[in-house]
Amino acid sequence: MTFASNKPLYLLYMDLCGPMRVQSIKGKRCVRTDNGTEFKNKTLGKFFDEVGITQQFSAAKTPQQNSVMERKNKTLVEAARTMLTFANLPSFLWAEAIATACFTQNRSIIHKHFDKTPYELINKRKQNIKFFRVFGCRCYLLNDYEDVRKLNAKGDIRMFIGYSKESAAFRIYNKRTRKIHESVNVILMSYPKWLLNNSV
């Protein structure tokens, strides 16, 4: 098997620990992963046997054994839990909170070794983060329908819950209808809704 790529994220190399620069005294080669089917399968097992690599699996429900990636996942889940609690939003929006936490961390947390964010490392340029907003802040989604009459309400109170994956739009949650909309026609406040009125 030979893999080659010159594009970021074309091939994801999961380097949980190693390769070690100094070979062990017995010269053993080992790969330790979690019990996911992407690692625990006959095809990968056969490959490891052919090249003389021992495959080991971590114990279930022990993210500390799986090093950086599992800890990152745990960090995102904890961030999402905090964001939902702080914004007083329902727990079924957990996926939105995790996606937003990941989105903002990739664009704001500096990697110590490179002195750059993950976004800068991949895209070779700094990300403009002026559009960042507080998760759960109150916002007004402006109607852009042609049939809105002059005296009708032009905005509905909603909550900001993230950023669109497909466009430069915001993801907005309507508590009354329990629907999520994407739009750029939004007036966003810079504080969470519970600071304004806990009943909304």
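Read in order, the letters of the sequence shown correspond to residues 1 to 200 in full-length UniProt numbering. Backbone N, C-alpha and C fix where the C-beta goes; we use that ideal spot for every residue, glycine too. Keep in mind that this is a model prediction, so the values were computed, not measured.
Please classify Gly36: does DSSP put it in a helix, a strand, or coil?
In the sequence shown, residue 36 corresponds to position 36, counting from 1. If DSSP states are grouped into helix, strand and coil, Gly36 belongs with coil.
Does the stretch 71-81 come within contact of the stretch 97-104, defined as at least 3 CB pairs closer than 8 Å?
Result yes; three or more Cβ-Cβ pairs closer than 8 Å.
For Asp34, count the other beta carbons within 10 Å of its own beta carbon; 16 or more makes it buried, fewer makes it exposed. Which is it?
Counting from one through the sequence shown, the residue named residue 34 turns up at place 34. Buried, since its Cβ has 16 or more Cβ neighbours within 10 Å.
Would you call Thr117 buried or exposed, if buried means 16 or more other Cβ atoms sit within 10 Å of its Cβ?
The residue you call residue 117 lines up with position 117 of the sequence shown. Around the beta carbon of Thr117, 16 or more other beta carbons lie within 10 angstroms, which makes this residue buried.
Could you tell me which residues DSSP puts in a beta bridge with Ser183?
As a working note, residue 183 is residue 183 in the sequence shown. DSSP lists Phe170 as the bridge partner or partners of Ser183.
Enclosing beta strand (DSSP E) for Leu142 [first to last residue]
Position 142 of the sequence shown holds residue 142. Leu142 -> beta strand (DSSP E) spans 137-142.
Alpha helix (DSSP H) segment containing Thr54, residue limits
Counting from one through the sequence shown, the residue named residue 54 turns up at place 54. Counting along the chain, Thr54 falls outside any alpha helix (DSSP H), though it belongs to the beta strand (DSSP E) covering 54-57.
Start and end residues, alpha helix (DSSP H) containing Thr104
What you label residue 104 is simply residue 104 of the sequence shown in a count that begins at 1. From DSSP, the alpha helix (DSSP H) with Thr104 extends over 94-108.
With 16 as the cutoff for other CB atoms within 10 Å, does Leu11 come out buried or exposed?
Sequence index remark: in the sequence shown, residue 11 carries index 11 (1-based). Any reading at Leu11 must be qualified, since the residue scores a pLDDT of 45, below 50, and its modelled position is unreliable; the value itself is stated next. With fewer than 16 other Cβ atoms within 10 Å, it is exposed.
Looking at C-beta atoms only, is the number of pairs between the stretch 45-63 and the stretch 101-117 that lie closer than 8 Å three or more?
Taking 8 Å as the limit for Cβ pairs, the verdict is that the stretch 101-117 does not touch the stretch 45-63.
Per-residue DSSP class, three states only, for Arg81
What you label residue 81 is simply residue 81 of the sequence shown in a count that begins at 1. Correct three-state label for Arg81: helix.
Per DSSP, what are the beta-bridge partners of His111 in this structure?
Position 111 of the sequence shown, counted from the start, is the residue given in the question as residue 111. Bridge partners of His111 according to DSSP: Lys116.
Same chain, Cβ closer than 7 Å to Ile129, five either side skipped, listed in chain order:
On the sequence shown, residue 129 is found 129 positions in, with the first residue counted as 1. Excluding the 5 residues flanking it on each side, Ile129 has same chain C-beta neighbours closer than 7 Å at Arg107, Ser108, in chain order.
Assign Phe160 to one of three DSSP states: helix, strand, or coil.
For this step, residue 160 is matched to residue 160 along the sequence shown. Phe160 sits in a strand when the DSSP states are folded into three classes.
From the DSSP output, in three-state form, read off Val134 for me.
Against the sequence shown, residue 134 aligns to sequence position 134. When DSSP states are grouped into helix, strand and coil, Val134 belongs to the coil group.
Can you name the residues that DSSP bridges to Val31?
Reading the sequence shown from its first residue, position 31 is the one you call residue 31. In the DSSP output, where bridge partners are listed per residue, Val31 has Gln55.
Is DSSP giving Leu89 helix, strand or coil here?
Translated into the one-based positions of the sequence shown, residue 89 becomes position 89. Residue state for Leu89 is assigned as coil, using DSSP reduced to three classes.
Inter-residue CB distance, Cys139 and Ile172 (contact presumed, cutoff 8 Å)
What you label residue 139 is simply residue 139 of the sequence shown in a count that begins at 1. What you label residue 172 is simply residue 172 of the sequence shown in a count that begins at 1. Correct: roughly 6 Å between the Cβ atoms.
Give the straight-line distance between the Cα atoms of Ala169 and Ile161, rounded to the nearest whole angstrom.
Working through the sequence shown from its first residue, we reach residue 169 at position 169. Working through the sequence shown from its first residue, we reach residue 161 at position 161. Ala169 and Ile161: Cα-Cα distance of roughly 11 Å.
CA-CA distance, Phe114 and Thr177?
As a working note, residue 114 is residue 114 in the sequence shown. As a working note, residue 177 is residue 177 in the sequence shown. Approximately 45 Å, taken between the alpha carbons.
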